[in-house]
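Input: a single structure, listed below in C-alpha cells.
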C-alpha cells in the first residue's frame, strides 16, 4: 500500500465501524489508529466532507427510510 493512501484506508475502515450498532465514535477513532479525536475528526471531514457524527446520522436516516 502506498503511504499516502493510508489515511484514506483508515477513514474507510472507520466508516464501516461507524455503521455497527453500539459503536462509539471515540472507540472507532482509536481502532482506526487515531489517538487524538481532533485528528480523527479533521481527517474524516477532509476525506468525507462531513464529521463522523454527521456520517452516522445520515447513515441511520438512510437505513430507516
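Residue numbers (the numbering used here): 44 to 108.
Ideal placement from N, C-alpha and C gives every residue a C-beta, glycine not left out.
Would a C-beta distance cut-off of 8 Å place residue 87 and residue 54 closer than the cut-off? yes
Inspect the beta-carbon positions of residue 102 and residue 75 and report whether they are closer than 8 Å. no
Is it right to say residue 77 is buried, meaning 16 or more other beta carbons lie within 10 angstroms of its own, or is it exposed? Counting the other CB atoms within 10 Å of its CB gives residue 77 a total of 16 or more, which places it among the buried residues.
When you compare the CB positions of residue 60 and residue 71, do they come within less than 8 Å of one another, or not? yes
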